[in-house]
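Single-structure report; data block below.
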Amino acid sequence: MYVCIKGLSVLVGLSLFFSVSTVFIPSTIQTKAYADEGQDLYSTEDYQRALKYWQPLAEHGDAQAEFGLGLLYETGHGVEQNFDTAQRWYRKAADQGLADAQNALGAIYANGRGVTKDDALATELYRKAAEQGNVHAEVNLSNMYRFGLGVRRDINLAIAWLQKASDAGNPAAQSNLGGIYISEDGVKDYSKAAILFQKSADQGDPGGQNGLGIMCGLGLGRPKDASCAVDWYRKAAEQGDPHAEVNLANAYADGIGVEKDISLAIFWYRKAAEQGNSQAQKHLQYLLQGLEDMGYVLKG
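Residue numbers (the UniProt record's numbering): 1 to 300.
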């Protein structure tokens with residue numbers, strides 16, 4: 001049975017909680033009120049008003065507000081999306097040592113958004129943030145070591161940084177660490193992988209759910225159970241995880257753990273293919289060509 005394992009976690013994981021301070025707000029009580037208001041506005045998707053709170057604070061050099069503006073410009077929330085402007089605000093905050101901004105700027109360079117892609121600089125920025133205990137940066141730095149991006153590949157350092165974030169309860173770290181224990185030669189440990197995937201899946205992380213499905217489907221670290229695998233694949237696929245969409249499509253195509261249904265297999269392959277998953281694209285092309293050769297015409 002073919003399975004697909006998530007390789008990289010999302011490279012940007014940003015805290016949405018801002019404690020804003022500035023010289024022209026006279027009291028700490030008012031400062032906290034501004035911070036709380038900004039947090040509430042962002043969490044309720046009132047981005048225009050959040051922008052009005054953070055803009056003057058950022059212009060007076062407040063690092064948290066600079067980071068907030070970078071986040072707005074990177075995501076296009078409340079403003080026109082502009083990666084160049086985002087990286088400039090992130091840089092201002094990162095230069096002041098703000099870990100969230102260092103991590104975000106690292107992701108900008110890792111993805112080449114508004115700047116020339118630079119894995120070495122991304123790694124340096126992730127390291128600065130990770131050394132301050134930023135769990136998102138710990139995950140990102142681990143990925144750089146795991147795949148040798150901007151730094152010499154070192155699976156032991158990859159594990160060490162993921163372990164820090166995993167111990168802090170980060171679900172992406174738990175699923176990534178599980179992925180290492182299920183796939184990397186020399187460190188494979190299916191029991192550890194199953195425990196980590198379960199912890200991640202219990203928090204609703206699609207990577208953990210897909211990983212747990214793989215463990216169930218192949219009988220690694222737990223009893224083999226195809227229907228259990230399908231249940232976990234479905235949970236992750238319904239959150240849009242392309243790897244889980246491929247695995248769920250495989251189950252429908254082969255009739256493993258679920259009644260065979262080529263239409264549903266095509267549905268899930270197509271969803272993953274639309275996200276650029278090359279394996280899904282190949283399987284989809286193969287299925288559609290086979291149906292065409294047999295004289296079937298599918299609508300949609």
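Virtual Cβ for every residue (Gly too), placed ideally from N, Cα, C.
G150 and A173 - do their beta-carbons sit closer together than 8 angstroms? no
Could you spell out the range, first to last residue, of the alpha helix (DSSP H) harbouring M144? 135-147
K164 versus N134, D261, L71, G208, residue with shortest Cα-Cα distance: N134
Thinking C-alpha only, which one of H136, A160, E131 is nearest Y145? A160
Within 10 angstroms of its Cβ, does D95 collect 16 or more other Cβ (buried), or is it exposed? exposed
Spatial neighbours of K271 within its chain, please: C-beta separation below 6 angstroms, excluding the five flanking residues on both sides. E245
Pick helix, strand or coil for V246, following the three-state DSSP scheme. helix
Give the DSSP-derived three-state secondary structure of L105 in the structure shown. helix
Check whether the Cβ atoms of M215 and A193 lie closer than 8 angstroms to each other. yes
Give every residue of the same chain whose Cβ lies closer than 7 angstroms to the Cβ of residue 312, excluding the five residues on either side of it in the sequence, and list them in chain order. Residue 312 is absent from the model: the chain starts at 1 and stops at 300.
Alpha carbon to alpha carbon, what distance is there between Y286 and Q279? 11 angstroms
Compute the Euclidean distance between the alpha carbons of G208 and N111, then round it to the nearest angstrom. 24 angstroms
Using DSSP with H/G/I as helix, E/B as strand and the rest coil, what is Y124? For clarity, residue 124 is Glu in the given sequence; the question names Tyr instead. It is helical.
Separation of I195 from residue 317, as counted between CA atoms: It is not possible to answer for residue 317, since the shown part of the chain is limited to 1 through 300.
Going by DSSP in three states, V115 sits in which element: helix, strand or coil? coil
For E68, does the count of other Cβ atoms within 10 angstroms reach 16, so buried, or fall short, so exposed? It is worth fixing the name first, because residue 68 is Gly in this sequence and not Glu. The residue in question, G68, is buried, as its Cβ has 16 or more Cβ neighbours within 10 Å.
Do you know offhand how far E59's Cα is from N277's? 42 angstroms
Any idea if E74 is buried or exposed, counting beta-carbon neighbours within 10 angstroms, 16 or more meaning buried? buried
Neighbour-count burial assignment, R152, 16 or more Cβ in a 10 Å radius: exposed
Same chain, Cβ closer than 6 angstroms to G106, five either side skipped, listed in chain order: A122, L125, Y126
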